[in-house]
Structure formats: structure tokens, C-alpha cells
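For reference, the structure discussed in these notes is given below.
Numbering (our numbering), first residue to last: 3 to 313.
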């Protein structure tokens, strides 16, 4: 659902008009993300704007927008950058190692099929088109591919699915978790937590049995520095329905139509990017002190060493 773009600091900083045009094209809710490439990308943009003669009042606007929007637009996947070489040479070399979706640069003379000029960055351009909803085949691999960058960029992932069950009832949810764990292992970031929120049902085991079951079924599955939290919620009489499925994080959110359990390549689920503000409002419904739904029992926290505790 998301694509990573390399954006040359000199291209976006070449004028206030170019900055304003480009920065609004990116965001988790738009499906396009700017790679922090190099590591001090924002500083390079500001330097480029100053060198281009952008007025001080507009420089301050650039600083403010970069600061306020860095979590919503810019991702840092710790890409390699050789400071003795030009930005475009670095981008092309890194693209060969780990492809960007496209490269936005003032230098478009290089032989590369994914180079874009600033004025190419329109929604109808093949390399810039980013649908905010699509049908995704319900295989573990396809679902994981469309969650890849959101999971990789987030410190906390919230999986909301009323039917989620690690016992394998109703779908291969453990296989889905294994794919998320694999994504996390591909990116070397700080520790993170995956929080699962599922619906109450009489067939659900009490929290102490869920703890024992999770310890038995998930031992050896969690990567280092990843914790898994299992939470059961019940609807309140006359309150919000607990039906829709989501992937929510501090960065963004995706609504999932038919659910997250794999059902085979012949079925699809509709994935839709959520507006950032809406995504955070939905995420707040499942905060530890939230009161939209009734929390059932205690949460189960599974640690990388395979142990599980009630919290």
C-alpha cells in the first residue's frame, strides 16, 4: 500500500514552489513516502533552499513543515550513503541494491527507468500513481507485501480483527503473525510491540488459559526485541460495533475489508488507506485506558524468549 521514493534535497529545495508542490504529494495517507536519504535529509533540503535564494520567511515555513510532517511523510530505512559521491550516484547505487519505487531528481540524464523530474510528480504518472485502496489477494505473502513499509516504519503495530485467534480457529492467524515478524527482522530498528485486539466470545478461553496457550504456540516465533500483546474486547450495550478490521500504528492506518486471515489466492480483501487523523482516533479506541469497548480480563504479553505474562 506504500511506496518509498528517493527525493533529491536539491530538487525539493530548489524553490518554495517546488517544495510546496512536492511535500504535499507525500504521506502515509497518500501511499507515498520520502526516504530519509541521506540520514540528514531534512538538513540538506534546508541548505538547498538557502543556496537557491529562498526568502527567510519561506525558509522558516520549510523548517516548520519538515519538523511537523516528518513522522507522517519521511521514513528512515538506514540506507547506505557515500558522502564523497553525488546524491544521484548514491541513489542509483542504492536503487540497484534495494529498489526505490522512483527517484525524484533535477538530474535526469542518467540511464535509469525510474527517474522523475519535479513536474513529472503528478497522480496520473505511472511511477507516481498511488491508489489509496486496492484489492489484495488473501494469501499470507500478498497481505504481508502490502503491509511491509507501514510495519517497517512503525514502533507499535495494532492489529484489530474481531475474529483473530492464535489457536487457528477461523484462519491461519499465526502464519500471518510470522509474516509480520519476518518484516520486522528485515529492518534493524529499536524494539517494538505488536498489539492484537480481538472480540469477546463465549468460546474464548479465560486470560490465564490464553497465557498458557500463547506461551506454548508462540515460543520460538518472536524475533529479538519484538513483544506481542493479546487483548480481548467486548462491545458495550448500545455502543460502537466491533466489526471492522484495521492495521493501525503511530504512523498511519489501513482498513481491511474481508479480514486478515489468509483464505487463498482466489479471494481478495479490500485494503484502504485511512486519513491520518482518523487512523489515530481509531487507534485511541484500543489504548489501555480506552472506554469505547469493555476490556475482558488481563492482556497477555508474549516476550521474545517465549515467556508469557498477564499484565
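Glycine included, every Cβ here is placed at the ideal spot set by N, Cα and C. These numbers come from a predicted model, not from an experiment.
Requested in this report: Measure the Cβ-Cβ separation of residue 104 and residue 116 and say whether it is below 8 Å.
Outcome: With contacts defined as CB atoms closer than 8 Å, residue 104 and residue 116 qualify as a contacting pair.
**Report entry** Beta-carbon contacts of residue 353 that lie in its chain and below 7 Å, excluding the five residues immediately before and after
**Finding:** The shown model of the chain, from 3 to 313, leaves out residue 353, and the question about it has no answer.
**Report entry** Straight-line Cα distance separating residue 40 from residue 178
**Finding:** 33 Å
Query raised in the report: Just the Cα atoms here: how many angstroms apart are residue 285 and residue 152?
Result: 15 Å
Report task. Counting only the same chain and skipping the five closest in sequence on each side, list residues whose C-beta sits under 8 Å from that of residue 235. Result -> 199, 200, 201, 202, 244, 288, 295, 296, 297 and 298
Requested in this report: Use the C-beta contact count for residue 107: other C-beta atoms within 10 angstroms, 16 or more gives buried, fewer gives exposed.
Outcome: By the neighbour-count criterion, in which 16 or more other beta carbons inside 10 Å mark a residue as buried, residue 107 falls on the buried side.
Report task. Could you give the DSSP three-state label for residue 178: helix, strand or coil? Result -> helix
Query raised in the report: What do you reckon, are the CB atoms on residue 96 and residue 81 nearer than 8 Å?
Result: yes
Query raised in the report: How many Å lie between residue 12 and residue 310 at the Cα?
Result: Rounded to the nearest angstrom, the two C-alpha atoms are 50 Å apart.
Requested in this report: Report back the beta-carbon spacing between residue 196 and residue 161 to the nearest angstrom; my notes put them in contact at under 8 Å.
Outcome: 7 Å
Requested in this report: Go through the segment 255–289 residue by residue and report every complete run of the beta strand (DSSP E) that reaches 3 residues or more, in order.
Outcome: 255–258 and 266–275
Requested in this report: Quick one: residues in its chain with C-beta nearer than 6 Å to the C-beta of residue 349, no 5 flanking neighbours on either side, listed in chain order?
Outcome: Since the first and last residues shown for the chain are 3 and 313, residue 349 lies out of range.
Requested in this report: Return the bridge partner residues of residue 154 from the DSSP annotation.
Outcome: According to DSSP, which records beta bridges pairwise, residue 154 is partnered with nothing at all.
Query - Range covered by the alpha helix (DSSP H) that runs through residue 199 - result: Where residue 199 is concerned, there is no enclosing alpha helix (DSSP H), although the beta strand (DSSP E) it sits in stretches over 194–201.
Report task. Drop a sphere of 10 angstroms on the beta-carbon of residue 267, count the other beta-carbons inside from all chains shown, and report buried for 16 or more, exposed for fewer. Result -> exposed
Query raised in the report: Excluding sequence positions up to five away, which residues of its chain have a Cβ less than 7 Å from the Cβ of residue 209?
Result: 299, 300, 302 and 312
Requested in this report: Report all residues from its chain with a CB closer than 7 Å to the CB of residue 110; omit the five preceding and five following residues, and keep chain order.
Outcome: 117 and 119.
Query - Contacts around residue 90, its chain only, beta-carbon distance under 8 Å, and the 5 residues preceding and following it disregarded - result: 10, 105, 107, 109 and 112
Query raised in the report: Would you call residue 19 buried or exposed, if buried means 16 or more other Cβ atoms sit within 10 Å of its Cβ?
Result: exposed
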